[in-house]
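Residue numbers (this note's numbering): 71 to 580.
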C-alpha cells in the first residue's frame with residue numbers, strides 16, 4: 071500500500087511540474103531575448119529581431135511584396151507560412167484563439183506554440199531527430215494567453231513520408247531500402263517509448279524522410295504539439311503501436327508489420343517470442359481499427375479537407391475536393407448541363423466522366439435521397455477495403471432525380487468476362503467474388519439480392535485479365551440484416567452454373 075502511495079505521489083508531482091512548465095513559459099525561454107512588438111511578446115535571438123519584426127510585429131507586408139511568403143495552410147484555428155529569407159528558410163505557425171474552447175485549451179494546457187516548442191526541446195534531448203525552433207511569441211491578455219506563434223528552421227531536403235510513399239512504386243521499391251525504412255521507423259518509435267514519450271498524431275504526414283545519394287535514410291518527427299510526456303506502460307505501448315498500424319495501413323503488408331514489430335522489440339530490449347504481448351497487440355489493433363473507422367465515418371458526414379459540400383437554392387452538391395471549382399459552380403448553376411459534360415479536371419489531370427440518374431422510390435421527405443444513400447454506402451465500403459465503384463460527386467435537386475458522377479473507365483460486365491475467360495480465370499473470379507461476399511457478411515450486409523450483373527471487371531491498362539480487378543457496381547442492393555453466407559448465395563450459384571456450363575461445352579467440343 072505504501073509503495074502504491076509513493077508511486078501516486080511521484081506521478082502527481084511530475085504532472086504538476088509538467089503543467090507548471092506549460093503555463094509558465096518564461097522558465098524555458100531564458101536563452102532568448104524578450105522584445106515586445108505591437109501586442110505580442112516575442113522570445114528570439116537578438117540577431118534575428120530586425121529580420122523578422124518591425125514596430126507593429128511580423129513583417130508580413132514586406133514579405134508579401136518581395137515574394138518571400140508562401141502560405142502552406144490556412145484555416146480557422148491555424149495558419150502555416152513558409153518564409154524564404156536571407157538567413158535561411160523558416161516555417162511560421164500562427165495559432166488563433168477563435169472560440170471559448172480554444173481559449174481554454176491554450177490556457178489550461180499551455181498554448182499550442184509553447185507546447186510544440188517544449189516538445190521539440192524534449193525530443194532533441196532524448197535523441198529524436200526534429201526541427202530547430204528559433205522564436206516563440208504570444209499575445210498576453212491580462213493573465214491569459216491569446217494568439218501565439220512559433221518559428222522554426224526548415225529541414226533541408228526533407229520530404230513528407232506520405233508524399234514520398236505515394237510517389238514511390240512500393241512494389242518495385244528495392245528490398246534494402248524498404249527494410250531500412252521499416253528499421254528506422256521502428257527505432258524512432260522505440261526511442262519515443264523508451265523515454266516515455268507518445269506522439270498522439272503519429273502518421274506519415276508528420277514524418278519527414280531524406281535519402282542521400284549513398285542511399286542512406288534519415289527520418290525526422292515534426293508537428294510536435296501532440297507529443298505527450300507520459301509513463302509508457304505495456305498497455306499504452308500496444309495502443310500506440312496499434313494506432314501507428316492504423317495510420318500507416320495504406321503503405322504496408324503483413325511482412326512489413328512483422329519486420330517492424332521485431333525491430334521495435336529489439337530496439338526496446340524486449341523478447342519477440344512473448345505470445346501475450348503479441349496477442350495484446352492484435353487486440354489493441356482490432357480496437358484501434360474499429361475506432362479509426364468510426365472516426366472516418368463521422369468525418370465524412372460533414373465537410374472537411376477532402377470533401378466539399380455546397381448548396382444553392384434547390385441544388386445540393388457533395389464532391390471530392392480535387393475537382394476543379396469551375397465544375398462545382400456549373401453543377402450548382404446548371405443541373406441539366408451536367409449530363410453533357412464530357413470531362414472534368416481532377417487535380418492536374420482531365421478525367422472522362424459519366425452521370426447516372428437515380429430516381430427516388432417511396433422516399434420519405436424526412437429521409438435522405440437514394441443517390442445520397444448510394445454515395446454514403448459506397449464510401450463506407452471503400453473505407454473498409456471493399457472494391458466498390460466510388461462516385462466523384464453527387465448532385466441532389468429538389469423534384470428531380472439525383473445525379474451520381476463517376477469516372478469513366480474501361481469496365482467489362484462480370485458475366486461477359488466469365489463467358490470469355492478460361493477455366494482457371496473463371497475459378498479465380500469466383501473466388502474473388504466469394505471472398506468479397508464473406509467480407510460483406512462480416513460487416514453485417516446480406517448479399518442475397520446481388521447478381522452477376524452487379525459486378526464488373528475493371529481492366530488494367532495493358533488489358534491483362536490476370537491483373538483485372540473485380541468491383542461492386544451496385545452497392546444499393548445490399549441489405550443490412552443477418553447475412554446468409556456460403557455457396558448457397560444466389561450470385562455464387564449463378565456463377566457456378568455458368569462455370570459448369572462452360573466446362574460442359576469444353577468437354578463436348580473435345
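C-beta: ideal position from N, C-alpha, C; glycine also.
From a predicted model like this one, the values you see are computed outputs, not experimental measurements.
{"Query": "Have a look at the DSSP bridge pairing and note the partners of residue 466.", "Result": "386"}
{"Query": "Can you name the start and end residues of the alpha helix (DSSP H) that residue 488 belongs to?", "Result": "484-490"}
{"Query": "Thinking just about the alpha-carbon of each residue, which of 332, 318, 394 and 323 is nearest to the one in residue 358?", "Result": "318"}
{"Query": "Considering only DSSP beta bridges, list what residue 288 is partnered with.", "Result": "280"}
{"Query": "Counting pairs of Cβ atoms below 8 Å between the segment 282-291 and the segment 325-339, do you hit three or more?", "Result": "no"}
{"Query": "Measure the C-alpha to C-alpha separation of residue 262 and residue 274 and round it to an integer number of angstroms.", "Result": "16 Å"}
{"Query": "Would residue 428 pass as an interface residue toward chain C - the criterion being a Cβ-Cβ separation below 9 Å?", "Result": "Although the question refers to chain C, the structure presented lacks it and comprises just one protein chain."}
{"Query": "Over what stretch of residues does the beta strand (DSSP E) that includes residue 203 continue unbroken?", "Result": "203-211"}
{"Query": "Kindly confirm or deny that the segment 457-477 and the segment 418-430 touch, where touching means at least three C-beta pairs closer than 8 Å.", "Result": "yes"}
{"Query": "Look at the alpha carbon of residue 285 and the alpha carbon of residue 250, and state the distance between them as a whole number of angstroms.", "Result": "10 Å"}
{"Query": "Report the option in 213, 163 and 203 whose CA atom is closest to the CA atom of residue 177.", "Result": "213"}
{"Query": "Under 9 Å between the Cβ atoms of residue 160 and residue 117?", "Result": "no"}
{"Query": "If I'm right that residue 586 touches residue 456 with Cβ under 8 Å, what's the distance once you round it to whole angstroms?", "Result": "There is no way to answer for residue 586, as the model of the chain reaches only from 71 to 580."}
{"Query": "Specify the secondary structure class of residue 522 as computed by DSSP and reduced to three states.", "Result": "helix"}
{"Query": "With C-beta atoms as the reference, is residue 561 less than 9 Å away from residue 515?", "Result": "no"}
{"Query": "Please identify the residue among 387, 511, 545 and 297 whose C-alpha is closest to the C-alpha of residue 449.", "Result": "545"}
{"Query": "Is residue 115 helix, strand or coil when you go by DSSP?", "Result": "coil"}
{"Query": "Could you check the C-alpha separation between residue 334 and residue 260 for me, to the nearest Å?", "Result": "6 Å"}
{"Query": "Would you call the segment 165-172 in contact with the segment 198-218, where contact means no fewer than 3 C-beta pairs closer than 8 Å?", "Result": "yes"}
{"Query": "Give the secondary structure of residue 326 by DSSP, where H, G and I count as helix, E and B as strand, and everything else as coil.", "Result": "helix"}
{"Query": "Tell whether a beta-carbon distance below 9 Å holds between residue 488 and residue 565.", "Result": "yes"}
{"Query": "Just the C-alpha distance for residue 271 and residue 518, rounded to the nearest angstrom, thanks.", "Result": "41 Å"}
{"Query": "Would you decide whether residue 196 is buried or exposed? Buried here means 16 or more other CB atoms lie within 10 Å of its CB.", "Result": "exposed"}
{"Query": "When the Cα atoms are used, what is the spatial distance from residue 481 to residue 306?", "Result": "46 Å"}
{"Query": "Where does residue 365 land, buried or exposed, given buried means 16+ other C-beta within 10 angstroms?", "Result": "exposed"}
{"Query": "Go to residue 512, then tell me how far its alpha helix (DSSP H) extends in each direction, as first and last residue.", "Result": "493-512"}
{"Query": "Tell me, please, which residues DSSP counts as bridged to residue 248.", "Result": "In DSSP, residue 248 forms no bridge with anything."}
{"Query": "In the structure shown, what three-state DSSP assignment does residue 103 receive?", "Result": "strand"}
{"Query": "Sort 192, 337 and 79 by Cα distance to residue 294 and report the nearest one.", "Result": "192"}
{"Query": "Measuring straight from C-alpha to C-alpha, what distance separates residue 620 and residue 376?", "Result": "What the structure shows of the chain is the stretch from 71 to 580, and residue 620 is not part of that stretch, so it cannot be assessed."}
{"Query": "What's the gap between the Cα of residue 235 and the Cα of residue 125?", "Result": "44 Å"}
{"Query": "Exposed or buried, what is residue 82 when buried is set at 16 or more other beta-carbons lying within 10 Å of its beta-carbon?", "Result": "exposed"}
{"Query": "Is the number of C-beta pairs between the segment 225-234 and the segment 276-284 that are closer than 8 Å three or more?", "Result": "yes"}
{"Query": "Counting Cβ pairs closer than 8 Å, one from the segment 239-259 and one from the segment 143-150, do we hit at least three?", "Result": "no"}
{"Query": "Since residue 413 contacts residue 421 with CB under 8 Å, what's their CB separation in whole angstroms?", "Result": "6 Å"}
{"Query": "How is residue 334 classed by DSSP in three states: helix, strand or coil?", "Result": "helix"}
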